[in-house]
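Q: Got a structure for you, questions after.
Residue numbers (the numbering used here): 205 to 325.
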């Protein structure tokens, strides 16, 4: 996971909680687990979507423009839950892509069976 995205996940958690201090051990454990997971994803080699292939000059970017407008409106109206949901969705997308790769990778073909040459005179 890119470091700015990981920082965004933690920042979205803080923003979603309203910046209130952690008062219960359940909340503290959930924060700790989130920091551990995000820290692991930062140092892992798992691939995450980079959004570099989005072409704003394509012929029909209407859907993309509508999606971006809806996201901006949701962030303006419900910033905490929306940013937290976006951060969690991005984080889980990389995990799901990795799991999909693990379960759908092609196994290499097995080597041919060894047979001794016949000893014919």
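For each residue, glycine too, the CB sits at the ideal point set by N, CA and C.
Looking at the structure shown, is residue 227 part of a helix, part of a strand, or coil, going by DSSP?
A: coil
Q: Report all residues from its chain with a CB closer than 7 angstroms to the CB of residue 246; omit the five preceding and five following residues, and keep chain order.
A: 205, 207, 210
Q: Would you call the CB atoms of residue 232 and residue 291 closer than 8 angstroms?
A: no
Q: Does the beta-carbon distance from residue 252 to residue 298 come in below 8 angstroms?
A: yes
Q: Do residue 214 and residue 242 have their CB atoms nearer than 8 angstroms?
A: For the 8 angstroms CB-CB criterion, residue 214 and residue 242 form a contact.
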